[in-house]
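In this note's numbering, the protein residues as written are 45 to 318. Comments concern the structure below.
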Ligand SMILES: C[S@@+](CC[C@H](N)C(=O)[O-])C[C@H]1O[C@@H](n2cnc3c(N)ncnc32)[C@H](O)[C@@H]1O
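This is how it looks when you write it as structure tokens:
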């Protein structure tokens, strides 16, 4: 009996994925198991009482940023699974998002919350910025460094809520990139982080925000629908960030482009006058 062509394509796909990012694929499967568990056991709380859902869920306990604050083996060990997970997601998302981002030649790029540098490495390979600094928590930066070097790539362990981004990066950034970062923060803190970005930005520079749009149902048709439902309360439409940015700086020219990955995403680019 010959092999079913669909099964054979699936095996080829899985073999290629495992060869490219075994740790990430396993982390994604493990994460999705937690998501399915949380939806099955506590799904009715997701919209009724998001706080209670977070407390009872396994999913949120994985993302414990407080455990990424130093370079001990315990910190690295606690950080590794969720870094592997978001790095694997970013590998999927990058080919959709990168074409929506345009940066000047030899740009100086700062990426708060840039994690292990998956997006940075893809941007470096295609756009050759002069420098790309990933600013993240200490254990996350260490895991990023362990993934190897790329031209112009460096990791800066720094709490993005604190000021002094220019001094810490060593340059006034032409581009400040937030990919899947701002939804982590309540609006007031997201505004505070954006104010740090505006203070740091070089004249004529741009802030780029890539995020999932606000949750509008399980429209993707993949297992990621469940993960997105678990985070549903956090995703915001671009108008929310446009309003925050307008409040912080009247001199920004903003554009928004959309794409569909696991659900609808957008890239909001806010350019400052030169
Ligand atoms: C939701 S993850 C997104 C990661 C990555 N940009 C992506 O798209 O997969 C948020 C990132 O922000 C980082 N982060 C959280 N709190 C931070 C802080 N106070 N200062 C700097 N980075 C922080 C996390 O370590 C993580 O890498």
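Cβ atoms here follow ideal geometry from the backbone N, Cα and C, with glycine treated the same way. Computed from a prediction, not measured in an experiment: that's the story for all the values here.
Residues sharing a beta bridge with residue i, DSSP
i           : result
residue 176 : 153, 197
residue 309 : 256, 303
residue 128 : Beta-bridge pairing links residue 128 to no other residue.
Buried or exposed (CB count within 10 angstroms, at least 16 for buried), residue i
i           : result
residue 68  : buried
residue 193 : exposed
residue 175 : buried
residue 112 : buried
residue 47  : exposed
residue 256 : buried
residue 50  : exposed
Contact test: residue i Cβ vs ligand 1 heavy atom, cutoff 7 Å
i           : result
residue 108 : no
residue 193 : no
residue 156 : yes
residue 256 : no
residue 65  : no
residue 144 : no
residue 205 : yes
residue 200 : no
residue 69  : no
residue 239 : no
residue 181 : yes
residue 112 : yes
residue 104 : no
residue 226 : no
residue 300 : no
residue 133 : yes
Residue span of the beta strand (DSSP E) that contains residue i, given as start and end
i           : result
residue 115 : Where residue 115 is concerned, there is no enclosing beta strand (DSSP E), given that its DSSP letter is neither H nor E.
residue 221 : 219–223
Extent of the continuous alpha helix (DSSP H) run through residue i
i           : result
residue 163 : 162–171
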